[in-house]
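**Student:** Sharing a structure here in structure tokens format.
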Amino acid sequence: MFNKITPEKAGVPSEKITEYINCLTNCGANTHGLMLLKGNDVFYEGYWEPFNKDFTHRMYSQTKSYVGIAIGLLLDEGKIKLSDRIIEYFPEKIDGEISKELNELTIEQMLTMTTAGPSKNWFTETDLDRTHLYFNARIGDYKAGTIWAYDSAGSQVLSALVEKLSGMELLEYLRLKLFNKMGTFKTAEILKTRNGDSWGDSALICTMRDMASFGRLLMQGGNWNGEQLISADYVKKATSALVDNHRSAFDTELTYGYGYQIWKIAQNGFGFIGMGDQLTLCLPHKDLMLVLTSDNQYNHPVRQIIINQFFDIIVANAGDELEENPVALNELENLTYNLKLRVIKGESDSPLKEKINGKTFVCDQNNLGFKQFSFEFGDDEGIFKYINEQGEKEIPFGINKNVFGKFPQLGYSNDRGGAKTTDGFMYNDAVSLCFKDDNKIILLVQIIDKYFGNVHARFAFNGDTCVAEFIKNAEDFLNEYQGLIIARC
601 MFNKITPEKA GVPSEKITEY INCLTNCGAN THGLMLLKGN DVFYEGYWEP
651 FNKDFTHRMY SQTKSYVGIA IGLLLDEGKI KLSDRIIEYF PEKIDGEISK
701 ELNELTIEQM LTMTTAGPSK NWFTETDLDR THLYFNARIG DYKAGTIWAY
751 DSAGSQVLSA LVEKLSGMEL LEYLRLKLFN KMGTFKTAEI LKTRNGDSWG
801 DSALICTMRD MASFGRLLMQ GGNWNGEQLI SADYVKKATS ALVDNHRSAF
851 DTELTYGYGY QIWKIAQNGF GFIGMGDQLT LCLPHKDLML VLTSDNQYNH
901 PVRQIIINQF FDIIVANAGD ELEENPVALN ELENLTYNLK LRVIKGESDS
951 PLKEKINGKT FVCDQNNLGF KQFSFEFGDD EGIFKYINEQ GEKEIPFGIN
1001 KNVFGKFPQL GYSNDRGGAK TTDGFMYNDA VSLCFKDDNK IILLVQIIDK
1051 YFGNVHARFA FNGDTCVAEF IKNAEDFLNE YQGLIIARC
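This is the structure:
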């Protein structure tokens, strides 16, 4: 589908891509994959081990953009009008009287996230049906169309609308209308909500090349190999700044406006944006695209650096075809070959290692439910052992390197969001440790599965006492790994 060419062939110096990758590393970005394209040509593709081109990665809120295009397909079929009130399609979901504001909410207002007020967090609600929850637990504070406010639950309702009117699951509908003709998204999936609906606001799982094909489709106005797969007029509106999306007096990398579940970006570009920095940035006037996967849930400011430096380093230096530079290209290839998933870095050894090796620390009562813990060290690896409310647990780690395994906490969701598992299922993880000063340890646990998340734990030792602080960053799990522990040897 995509041809591979050198950066110079695309008009971008190889050394500028090296500079950009180093910038990502130096700013603390936890990158998983990066693609750069000009037209149908890939002029850079790299993956941070253990990720690779076939890995199907969770796209989080990028999924909303796919829902926005699916609504356009319904429009093409004549099954909806954008001026239709959304409740007309879900009378069975309404228990009683709803607010006037919600009653007047249109499909187009939902597409542009100019809805009628905040909705409830479905992870903490007992209602399994998110569409039912949206209509019956929503406040309806103000007239729809008044202001832009990010409405993830509204995107889920639009996904339910697609499934209801098409009679198909969201991904299967997109396959029928788009992806089968494009030859992409063959290994993709979408996780489910607790009632079995497609998780349309957060849970598309696909490859980076799938992402690139979707971006390319919209850059071409919905045309693929000469066939118009979706209305060009709809695509033009969907990727336009239909509403202002400032929420403060400050301009940011994402305050260029909002279309139909699609963000506007600088230089009249558009993008699909997912939590943790799943990014597809499209610049039609330059025929350039960036596709990036990562997990920066712990490091929100890094998104501005990723996007702004793409413009400053890559876009600003993109031009006509250049003469090949074998030295710079070889340097870039060597860098790409050695890309590895982020680790926590510090000292590889410390007097603390011998002092606490194998010793048990008994915990005061704490909200994590930890009873005790210990560290067992080898030369460059070890095991963090602990007892919590589920029993005895072990987390193998590398010292200044990752060790890959299974995170031992049981009960987390697998194929359905918010639905706990009971079959012993565990997420894949990557764990690293380092020493800080003579009395501190930092442990980094990264979940690298259908769900992404991380735990940063620091342990400070003073005599026989240890103070441990756990900070988790994840959508709806790792809650048992958030808080402070005081323990004694």
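For this note's numbering, count along the sequence shown from 1 and bump the result up by 600. Quick reminder that beta carbons are idealized off the backbone N, C-alpha and C, glycines included.
Can you tell me the Cα-Cα spacing of D1023 and N1014, whole angstroms?
**Tutor:** Each residue's alpha carbon lies about 10 Å from the other.
**Student:** Return the CA-CA distance between I995 and N934, expressed in angstroms with no decimal places.
**Tutor:** Using only the alpha carbons, I get a separation of about 32 Å.
**Student:** Under three-state DSSP, which class holds N1054?
**Tutor:** Reduced to three states, the DSSP call for N1054 is strand.
**Student:** Take the Cβ of D844 as the centre, count every other Cβ of all protein chains shown within 10 Å, and call the residue buried at 16 or more, exposed below.
**Tutor:** The residue is exposed, with fewer than 16 neighbouring Cβ atoms inside 10 Å.
**Student:** May I ask which residues mark the beginning and end of the alpha helix (DSSP H) holding T663?
**Tutor:** 662-676 is the extent of the alpha helix (DSSP H) around T663.
**Student:** Comparing C-alpha positions only, which one of T726, E725, I687, C1089 sits nearest to S710?
**Tutor:** It should be noted that the sequence gives Met, not Ser, for residue 710. Of the listed residues, the one whose Cα sits closest to M710 is I687.
**Student:** From what residue to what residue does the alpha helix (DSSP H) around Q904 run?
**Tutor:** Per DSSP, Q904 belongs to the alpha helix (DSSP H) from 902-909.
**Student:** Would E992 be called buried (16 or more neighbouring beta carbons within 10 Å of its own) or exposed?
**Tutor:** With fewer than 16 other Cβ atoms within 10 Å, it is exposed.
**Student:** Hey, is the stretch 800-811 in contact with the stretch 674-689, meaning 3+ C-beta pairs nearer than 8 Å?
**Tutor:** Verdict: no, contact absent.
**Student:** Which residues in the same chain have their Cβ closer than 6 Å to the Cβ of V835, if we skip the five residues on either side of it in sequence?
**Tutor:** L818, G821, G822.
**Student:** Nearest to I1041 by CA position, among S665, K955, I862, is which residue?
**Tutor:** For the residues S665, K955, I862, the minimum Cα distance to I1041 belongs to K955.
**Student:** Between L761, L952, S1032, which has its C-alpha nearest C1066's C-alpha?
**Tutor:** Closest by alpha carbon: L952.
**Student:** Identify the residues that DSSP records as bridge partners of T893: which are they?
**Tutor:** Beta-bridge pairing links T893 to G633.
**Student:** Sort out for me which residues DSSP pairs G982 with in a bridge.
**Tutor:** Partner(s): F977, F997.
**Student:** Restricting to Cα atoms, I'd like to know which of N721, T855, M768, G672 is closest to I707.
**Tutor:** Ranking the options by Cα distance to I707, first place goes to G672.
**Student:** From which residue to which residue does the alpha helix (DSSP H) around E615 run?
**Tutor:** Where E615 is concerned, the enclosing alpha helix (DSSP H) stretches over 614-626.
**Student:** Beta carbon of V835: closer than 7 Å to some heavy atom of the ligand ADP?
**Tutor:** Absence of the ligand ADP from the depicted structure is noted, as is the absence of any ligand whatsoever, leaving it without description.
**Student:** Just the Cα atoms here: how many angstroms apart are C1089 and I983?
**Tutor:** Approximately 17 Å, taken between the alpha carbons.
**Student:** Starting from S755 and walking both ways along the alpha helix (DSSP H), at which residues does that stretch end?
**Tutor:** Where S755 is concerned, the enclosing alpha helix (DSSP H) stretches over 752-766.
**Student:** With C-beta atoms as the reference, is R942 less than 8 Å away from L791?
**Tutor:** Taking 8 Å as the Cβ cut-off, R942 and L791 do not qualify as a contacting pair.
**Student:** When the Cα atoms are used, what is the spatial distance from S683 to L758?
**Tutor:** Cα to Cα, the separation comes out at about 14 Å.
**Student:** Using the rule of at least 16 other Cβ atoms within 10 Å of the residue's Cβ for burial, across every protein chain shown, is I944 buried or exposed?
**Tutor:** Result: buried.
**Student:** From the DSSP output, in three-state form, read off K940 for me.
**Tutor:** If DSSP states are grouped into helix, strand and coil, K940 belongs with the strands.
**Student:** Alpha carbon to alpha carbon, what distance is there between E697 and S755?
**Tutor:** Rounded to whole angstroms, S755 to E697 spans 23 Å at the Cα level.
**Student:** Could you please give the first and the last residue of the uninterrupted beta strand (DSSP E) stretch that includes I1042?
**Tutor:** That run of the beta strand (DSSP E) goes 1040-1048.
**Student:** Report the three-state DSSP secondary structure of N780 (helix, strand or coil).
**Tutor:** It is helical.
**Student:** Tell me which same chain residues have a C-beta within less than 8 Å of the C-beta of T606, skipping the five on either side of it?
**Tutor:** Within the same chain, T606 has close Cβ partners S614, F643, E924, L929.
**Student:** Near D1049, which residues of its chain fall below 6 Å by C-beta distance, leaving aside the five closest residues on each side in sequence?
**Tutor:** Cβ neighbours of D1049 beyond the five flanking positions: Y1027, N1028.
**Student:** Might you give, ordered along the chain, the residues of its own chain that have their beta carbon closer than 7 Å to the beta carbon of K886, omitting 5 neighbours on each side?
**Tutor:** So the list reads V915, A918, once near-sequence residues are dropped.
**Student:** Whose CA, out of L634, T715, Y773, D729, lies closest to the CA of K940?
**Tutor:** Ranking the options by Cα distance to K940, first place goes to L634.
**Student:** Check this for me: beta carbons of E976 and V1003, under 8 Å apart or not?
**Tutor:** It is not a contact, given that the beta carbons lie outside the stated cut-off.
**Student:** So is G978 buried or exposed if we call it buried at 16+ other beta carbons inside 10 Å?
**Tutor:** It counts as exposed.
**Student:** Using 8 Å as the Cβ pair cut-off and three pairs as the minimum, do the stretch 890-903 and the stretch 622-630 touch?
**Tutor:** Yes: at least three Cβ pairs fall under 8 Å.
**Student:** Give the straight-line distance between the Cα atoms of L776 and D949, rounded to the nearest whole angstrom.
**Tutor:** One C-alpha to the other measures close to 56 Å.
**Student:** Can you give the Cα-Cα distance for N795 and L922, rounded to whole angstroms?
**Tutor:** In a straight line, the C-alpha of N795 is about 54 Å away from that of L922.
**Student:** Quick one: using the 10 Å Cβ neighbour count with 16 as the cut-off for buried, is N780 buried or exposed?
**Tutor:** It is exposed - the Cβ of N780 has fewer than 16 other Cβ atoms within 10 Å.
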